[in-house]
Every structure is written in C-alpha cells, then in structure tokens.
Amino acid sequence: DSGVTQTPKHLITATGQRVTLRCSPRSGDLSVYWYQQSLDQGLQFLIQYYNGEERAKGNILERFSAQQFPDLHSELNLSSLELGDSALYFCASSVEGQGRDTQYFGPGTRLTVL
Amino acid sequence: AQTVTQSQPEMSVQEAETVTLSCTYDTSESDYYLFWYKQPPSRQMILVIRQEAYKQQNATENRFSVNFQKAAKSFSLKISDSQLGDAAMYFCAYSERERRFGAGTRLTVKP
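For the protein sequence lines, the chains are A and B, in the order given.
Take the position in the first sequence, starting the count at 1, then add 264; the result is the number in the numbering used here.
Take the position in the second sequence, starting the count at 1, then add 865; the result is the number in the numbering used here.
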C-alpha cells in the first residue's frame, strides 16, 4: 500500500459525459501528479500540482482540467468524453515535487467510455 | 523533448536465471534521474530502483541492479535469480522536471 488513495476504482460512462477522479496524497506529500495509461502503453504525464499551485503541464487535453485543494487532495475533471479517453488514470504524490523525488502511485482509476 | 525508448516489447526468462531489460533515453541535460518501475497484473506501479545521473556508481536493490552508461544514454535493468513474482510490465522512466516513461517491456518468468 503506497498511501495514495484514488476513487473511484472503476468508472463506466458514455461519450459526451463528464467525470471527476479524486486523489488523496500520502500524508506529508505536497505534490500530486496525474498520469494516463492507455491499454498496454506507458504512462503519459498530464499535470502536476504543488501545494495547491499548478507546477507542470504535460500532454493534457483542453477537455481535461485538474486542481489541488487546500487539504492537498486533487481532482481530475474529464469532460466531453470520447472513446479514446478510456484508460487507467494514475495519481502519484511526492514530498517536494522535484524531478529527483520518489513518486508514490495510487492504485489507479479505470475509466471506460462507451 | 526527452524521450525514453524500451526496444524490447517482450522478454522471457527461466526461473532462477538472469535477465537484462534495455532502456535508452535522449536528453541534453547533465543532471537528471532515472527509474525502473514494475507493474504487475494488479496494475499497481511499484518503484524498483532509481539512479542519479551525477552518480557513477550503479544502483542496486537486492536482486535488481542497473547498468548506467551516461555517455551512451543507456540505463538497463538486470534481474538476478528471477522469481515467478517478477513477472510484470517493467517501465523505464526519465526525470529532470516531469517524468517520462518508456512504452514498457513485458517480462515472463518460466518455471
């Protein structure tokens, strides 16, 4: 158990819909990262937050948005969903949000868009 | 942009033997970090080993070790005394600011 929690574990929805994925970092970690893993592919970095502020942005679509709240939990919002958005979405957390940090991964949320 | 390449989509090893997974990366930076992650069928991402680019000594963690060749931009993972529980997808990752992952190598361990 990494100490990072993600809810829900599974999500099935229809095209055009909007969903919210939630992540709670490990106790003491200030930075949260979101990744997307499509079927049998590597992880694609989406976005990083540090202590409530956006720190880095990767290959995140304009239909996607995220935020980190004062209690440090984070939410990833996916809207106007398409079939290609079906993937495993991981949240990770680290202490300082630096490249050298060990990132601890949550169990992921599997999103299926029908 | 930094890219990470894992040229072996699949590898197979006999139980108790040694296997090496390859990884190369592209960067113009001199200070960065490299990681190997294991993803078993449960899909949990588990850190196996990390290497700081400024350290010449290769990192080791029990049966796992790396061969880090900075000039060649190569970062291979050696698994010794392979066990059935080592069967998983293995991802190489590069990190300077954001972390970039390779496409992965699926390792099968034969009893």
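Every residue gets a Cβ at the ideal spot worked out from N, C-alpha and C, and that includes glycine.
Original post:
Are any of the Cβ atoms in chain A nearer than 8 Å to that of B/Ala881?
Top reply: no
**OP:** For A/Asp349, name the three-state secondary structure that DSSP assigns.
**Re:** helix
Subject >> Sequence ranges, alpha helix (DSSP H) only - wholly within the region 887-968 of chain B, length at least 4 >> reply: none
Subject >> Which listed residue (A/Phe328, A/Gln312, A/Ala356) has its alpha carbon closest to that of A/Pro384 >> reply: As displayed, chain A neither begins before 265 nor continues past 378, which places residue 384 of chain A out of reach and without an answer.
Original post:
Where B/Ser893 and B/Gln934 are concerned, what is the direct C-alpha to C-alpha distance, given to the nearest angstrom?
Top reply: 15 Å
Original post:
Near B/Tyr897, which residues of its chain fall below 7 Å by C-beta distance, leaving aside the five closest residues on each side in sequence?
Top reply: Ala918, Tyr959, Ser960, Glu961
Original post:
Could you check where the beta strand (DSSP E) with A/Glu318 kicks off and where it finishes?
Top reply: 317-321
Original post:
If we ignore side chains and look at the alpha-carbon of each, how far apart do B/Ile944 and B/Ser930 end up?
Top reply: 7 Å
**OP:** Check A/Arg327 in the structure and name its three-state DSSP category.
**Re:** coil
Subject >> Close-in-space but distant-in-sequence residues of the same chain around A/Glu346 (CB under 7 Å, 5 per side omitted) >> reply: Thr279, Val377
**OP:** State the beta-bridge partners of A/Thr284 as determined by DSSP.
**Re:** A/Asn341
**OP:** Please confirm if B/Leu899 has its CB atom under 8 Å from at least one CB of chain A.
**Re:** no
Original post:
For A/Leu352, which residues from the same chain have a beta carbon less than 6 Å from its beta carbon, with the 5 sequence-adjacent residues on both sides left out?
Top reply: Gln301, Gly372, Arg374
Original post:
What does a CB cutoff of less than 6 Å around A/Gln281 pick up in its chain, not counting 5 residues either side in sequence?
Top reply: Leu345
Original post:
Is any beta-carbon of chain A found at less than 8 Å from that of B/Met910?
Top reply: yes
Original post:
Secondary structure at A/Ser266, three-state DSSP: helix, strand or coil?
Top reply: coil
**OP:** Report the residues of the region 332-351 of chain A with a CB closer than 8 Å to any CB of chain B, ordered along the chain.
**Re:** none
Original post:
Cα separation between A/Gly292 and B/Gly950?
Top reply: 31 Å
**OP:** Take every Cβ of the region 326-343 of chain A, pair it with every Cβ of the region 362-371 of chain A, and state whether three or more of those distances are shorter than 8 Å.
**Re:** no
Original post:
In chain B, which residues lie less than 8 Å from A/Arg364 when you measure between Cβ atoms?
Top reply: Tyr898, Glu917, Ser960
Original post:
Given a limit of 7 Å on CB to CB distance, which residues of the region 937-961 of chain B reach chain A?
Top reply: Phe956, Ser960, Glu961
**OP:** Note down, in chain order, each residue of its chain lying with its Cβ closer than 8 Å to the Cβ of B/Lys938, except the 5 sequence neighbours on either side.
**Re:** Thr889, Tyr890, Asp891, Thr892
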